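Data first, discussion second: the structure below is written as C-alpha cells.
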Amino acid sequence: MKEIFWNSIADYNAATWPWQIVMMSIASVLTFILWFRPSEWAKTATKIYMVAVSLWIAFVYYMGFGSARDYSNVMTIFWCMIALSWIYDLATRFSTFQRSGKSGALGLVMLVLPLAYPFISVSRGLEFPQITTPMLPSAVALYMLGMLMTFNKKINFFAFLLVLHWSVIAISKISLFKIPEDALLAAACIPSMVIFVMHVLKEYDRPHKPSYATVRMLVMAVALLLAGCMIAA
Amino acid sequence: MTQEYIIEIANFIARYLSYMLGAGVHTSRVVRNSKRIGTALGVDVSIHTSQKTATLTVSDKDTRIFSTKVVDIPAFPISFEWNADLSALSWAAHDEKMSLEAIEHKFDELVSKPKMNPVFVLFMASLANASFCRLFGGDIWAMLITFTATMVGFFTRQHLTRRKVNHYIVFIVSAFVASICASTALALGIETAEIALATSVLYLVPGVPLINGLIDITDGHIQIGISRFVNAFMLIICIAIGMSITLMLVKDSLL
Chain A
1 MKEIFWNSIA DYNAATWPWQ IVMMSIASVL TFILWFRPSE WAKTATKIYM VAVSLWIAFV
61 YYMGFGSARD YSNVMTIFWC MIALSWIYDL ATRFSTFQRS GKSGALGLVM LVLPLAYPFI
121 SVSRGLEFPQ ITTPMLPSAV ALYMLGMLMT FNKKINFFAF LLVLHWSVIA ISKISLFKIP
181 EDALLAAACI PSMVIFVMHV LKEYDRPHKP SYATVRMLVM AVALLLAGCM IAA
Chain B
1 MTQEYIIEIA NFIARYLSYM LGAGVHTSRV VRNSKRIGTA LGVDVSIHTS QKTATLTVSD
61 KDTRIFSTKV VDIPAFPISF EWNADLSALS WAAHDEKMSL EAIEHKFDEL VSKPKMNPVF
121 VLFMASLANA SFCRLFGGDI WAMLITFTAT MVGFFTRQHL TRRKVNHYIV FIVSAFVASI
181 CASTALALGI ETAEIALATS VLYLVPGVPL INGLIDITDG HIQIGISRFV NAFMLIICIA
241 IGMSITLMLV KDSLL
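What follows is the structure, encoded as C-alpha cells:
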C-alpha cells in the first residue's frame, strides 16, 4: 500500500510538473493581489481558483494518478465536497477574503509552508519525481488554511472544517504512510481551529451558555488532544 | 371567577403546554403539569394533544364558566432544561399557591434563559460520536476521523436548519456529508474504518422522539405516540438514505 502511494506521487509529479508550476504561479499572483490591491474581482478569482484547485486534486490527482490506490474514489468525492463548499461560498458571497488585522503573520507563515514540502522531501533523501510538492492534497489544504488565516475577517467555515478533517487524515498519514511532511498541515490546523472557533464565538450577539471561558477551555482541550495524537504519530 | 380570568388562565396554560410539547416532553407529563397549574389556580383543565396542535378547556366548576383554546405546537429544539424547569414551575405554583401573574412572570424568565452555545454543542456532539466509535471498538485514528466527520456533518445540519431547509432534507444531507467524510478512513486502510463510518451518523438518531413515542403509547396517548414514532422513523429513514448514498458511492454496495 505504501509503495503504491509513493509510486502514484512519482507518476503525478513526472506528468504534471509544468501544470503544477502554472497553478502555483496563479495562486501566488492572486495572493499578492489580495494582500496589496484587494478588489472584488480578485476575491471572486481566488474563490474560482479554490474550486479549480480542489477539482484538480479530486480528478487529476486521485481519479487519474491515484486510481491504483484503494478507495481513491472516496478522496475524489471528498475533494469535490471541498470544491462545492467554495462554489457555495462563491454563490452566497459569504467569505470576504479581507484582512482583519489579527493573526495575519501566522497566515503568511502558513502560506509559505507548502513551499517547504519538496525541501523536506529532498532533505530526507528523496529524489524527484518521488517527492512531495506544493500541489499535493495536504499542501493544497495548507494553502487553503493559510488563505483563510491571512484573510480572516469573515471566513468560509465549512471549507475550514473540511480542511480540519483533512488535517486529521494528514496526522494519521504521518504514521501510516511515513510521510512526515504532513506534520506541517497537522501543526497548522491546531492553532487555526482555536483561532477560528474563538472568532466565531466572539461574533455571537446574544448571550449563550456555557460561558465563553468554558467553551474556550473545551476547544483548548480538544486542540491539546489533537496535538497529543500528532506527537504520538 | 370571571370569564376574563378564565380566558387568561387558558391562554397561559396553552402557552405552557405548547412550549413543553414543542421542547420534546412526553405527553403525560405535560398533561399532568398543566392540570397541576390549573388546580393551583382553582380551575379544571382538560387537554387533547396531537402532533401539531393541542386543544384545552379550562373550566370553573362553581360558576360553570369555561374557555377552550386550540394552540399550535412550535418546533423547538429538544430541551431537557425546559422540561425540568417548567415541571418544577408547576410544583412551585401548586405548593406555594402562586398567582397567575407570578407564574407567568416566572415562566417568561425560564424560557428566556440563554440558549446553548452552538459551538459548544458542535464540539460535544463530535466528542460524543468519537466516544461511541471507541465503545464499538474503533481505534484512535477511527475516533479522530469520526470526531471531525461529525463536526462537518453537524455543522451542515446547523447551517441548513438556520436556513429553514426542510428537516428531512437536512437529515439526508447531514448523514451523507458525515458518512462520506468518515469513509475517508477506508482509503487510509485503517482496520476499524467501518466503525468510524457507522458511528459518524449517530448524532442524528432521534432518540428523544422514539422514547417519547413509546412512553406516550404506554401511557395511553396512542394518537400522539404513534405520530411521534412515525416522525422518528421518517428521520431514521432519512439517515438511512444519506448513508446509503455514501455506501453506494464508496463501496459500490449497501453492505
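Protein sequences, first through last, are from chains A and B.
Once you know that position 103 of the first sequence is 103 in my numbering, the rest is easy, because the numbers rise by one and skip nothing.
Once you know that position 25 of the second sequence is 25 in my numbering, the rest is easy, because the numbers rise by one and skip nothing.
Just so it is clear, CB atoms sit at the ideal spot from N, CA and C, and this is done for glycine as well.
These numbers come from a predicted model, not from an experiment.
Check	Outcome
Chain-ordered chain A contacts of V250 of chain B [CB-CB under 9 Å]	Y71, N73, V74 and I77
Three-way DSSP call (helix, strand, coil) for H167 of chain B in this model	helix
Beta-carbon proximity check, L185 of chain A vs A116 of chain A, cutoff 7 Å	no
Among B:A102, B:S90 and B:A240, nearest to L197 of chain B - alpha-carbon criterion	B:A240
First and last residue of the uninterrupted alpha helix (DSSP H) at D95 of chain B	F80 to D95
D62 of chain B, DSSP secondary structure in three states	coil
Alpha carbon of A139 of chain A to alpha carbon of F12 of chain B, nearest angstrom	60 Å
Length of the line joining the Cα atoms of S85 of chain A and Y203 of chain B	22 Å
Interfacial residues, the segment 123-143 of chain B to chain A, with Cβ spacing under 8 Å	F123, M124, L127, I140 and W141
Within-7 Å CB hit, P180 of chain A to chain B	no
CA nearest to the CA of A188 of chain A, picked from A:M198, A:I179, A:L164 and A:D70	A:L164
Contact between the segment 98-112 of chain A and the segment 146-161 of chain A (3+ Cβ pairs under 8 Å)	yes
Candidates A:I155, A:F65, A:W17 and A:L136, of which the one nearest S8 of chain A by Cα	A:F65
Residue from A:T44, A:L34 and A:A52 whose Cα sits closest to the Cα of M23 of chain A	A:A52
Cβ pair I6 of chain B, I78 of chain B closer than 7 Å	no
For M75 of chain A: DSSP bridge partner residues	M75 of chain A is not bridged to any residue.
C-beta neighbour in chain B for S172 of chain A, strict 7 Å	yes
Partners in chain A for F120 of chain B, counting only beta-carbon separations shorter than 7 Å	P210, V215 and L218
Residue-chain proximity (P191 of chain A, chain B), Cβ-Cβ < 7 Å	no
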